[in-house]
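Under the numbering used here, the final residue of the sequence shown carries the number 202; numbering is consecutive throughout.
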Amino acid sequence: MTYHGRAVIFLWAVSAMYGDFASLLDEIRAQYPVAFIGSINLLHLQTDPSAMRNFRALDGFMEYGLYSPDYELMVQTYTVSSAQWRQTIRGFEADTGRNYLFIPTFQAAFDNSKFNGTTAPMYPRSRADVIHHAERIKEELGTVYDPLGPFVVFSELIEGAAVIESQCISDTRDKHDRWVGCGTGRLEILRDLFGPTVTE
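Structural data, given as C-alpha cells:
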C-alpha cells in the first residue's frame with residue numbers, strides 16, 4: 003500500500019511513544035519515501051500535549067483493535083470519538099498545511115463462541131452486530147472518514163483463538179465447497195455495504 007507514492011508504515015500504539023517522536027518521523031520521511039499511519043486509541047482519546055504533537059507528525063490515522071465489554075457501547079463511542087477526531091485533524095491541517103488520512107476500522111468477524119478468555123472482546127457477538135457497525139461506518143464515509151475504507155480486521159489464529167477466519171481460509175483453500183461457511187462468508191457484508199454498485 004502506498005499513500006501519495008510513499009510506502010505506508012502502520013504504527014500500532016502511537017500514544018505509547020514518548021519524547022520527541024515527531025522529529026524522528028520527520029527525519030525518516032526526509033530520507034525515505036514512507037508515510038506513517040498510526041493508531042490513536044479512538045475509544046480513549048488523548049489530550050496530553052506531547053501525545054498530540056506525536057499524532058500531528060503522522061500522515062494518517064486508523065485503529066487496529068476496538069475493545070469494549072459492550073459492543074454497542076463500542077460502536078457508539080467509536081462513532082462519537084471519530085467525529086471529535088475529525089475536528090482535531092482539521093486543527094492539525096490548519097497548523098501544518100498538510101492533509102491527513104482518516105480510515106475507519108471495521109471488524110469483519112464475529113465471535114459467538116461464548117469464549118470467556120477476556121472481559122473486553124475484540125469482536126461483535128453476532129452477524130447483526132457486524133452489519134450494524136458497518137452501516138454506521140458507511141454513514142460517515144466522505145465526511146468524518148475519508149472515502150477509502152474501511153480497514154478490515156481479520157483475526158489471527160493465536161490472537162483471536164475463537165475466531166480464526168485467516169487460518170480458516172488457508173486451511174480450506176483446496177476445498178471450495180467449504181469457503182462460504184468459513185472466513186469468506188464474512189466478506190459478504192463488505193461486498194453488500196462497501197462494494198461498488200452494480201447497475202444493469
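Heads up, the beta-carbon is just placed ideally off N, CA and C, and yes, glycines get one too. Remember, it's a predicted structure, so these values are computed and weren't measured experimentally.
Closest by C-alpha distance to residue i, when choosing among the options
i	options	result
G21	I11, D28, S52, V77	S52
M64	G197, L195, V154	V154
L103	M19, D194, G197, G40	G40
I139	R127, Y80, Q89, N43	Y80
G7	P35, L60, G93	P35
L60	L143, V82, W14	W14
N43	D28, S83, R58, L26	S83
I91	G67, T145, I133	T145
S85	D148, A9, G197	Per the sequence shown, residue 85 should be read as Ala rather than Ser. Considering only alpha carbons, the answer is D148.
V132	L68, M19, S25, M3	L68
V77	F94, R58, H134	H134
M54	W87, M3, Q33	W87
Local conformation of residue i per DSSP, three classes
i	result
R8	strand
A164	Bear in mind that the predicted position of A164 carries a pLDDT of just 42, short of 50, making it unreliable; the figure below should be weighed with that in mind. Here A164 sits in coil by DSSP.
G62	strand
I42	coil
A24	helix
L68	coil
L192	helix
Q86	helix
V36	strand
Q48	coil
D176	Unreliable placement is indicated for D176, whose pLDDT of 48 sits below 50; no coordinate value is reported for it.
T98	helix
T145	coil
L150	coil
S157	Any reading at S157 must be qualified, since the residue scores a pLDDT of 48, below 50, and its modelled position is unreliable; no value is offered.
Any non-hydrogen atom of the ligand SAH within 7 Å of residue i CB
i	result
Y102	Only the bare structure without any ligand can be found here, which leaves the ligand SAH out of the picture.
Neighbourhood of residue i by C-beta, 6 Å cutoff - its chain only, sequence neighbours within 5 removed
i	result
Q48	S17
F23	N56
L45	T79
L143	P149
G151	I105, P106
A9	V36
Proximal residues to residue i (C-beta, below 7 Å), its chain only, five neighbours per side dropped
i	result
A203	Any property of residue 203 remains undetermined from this structure, which presents the chain solely from 3 to 202.
I30	V36
G197	none
M263	For the chain, the structure presents residues 3 to 202; residue 263 sits outside this window and is missing.
Contact under 8 Å by Cβ, residue i with residue j
i	j	result
I11	G62	no
F38	L27	yes
Beta-carbon proximity list for residue i, same chain, < 8 Å, skipping 5 on both sides
i	result
Y5	A37, I39, D61, G62, L103
F94	F57, R58, R100, Y102
For the segment 67-82 against the segment 95-105, do three or more pairs of beta-carbon atoms, one drawn from each stretch, fall closer than 8 Å, so that the two count as touching? no
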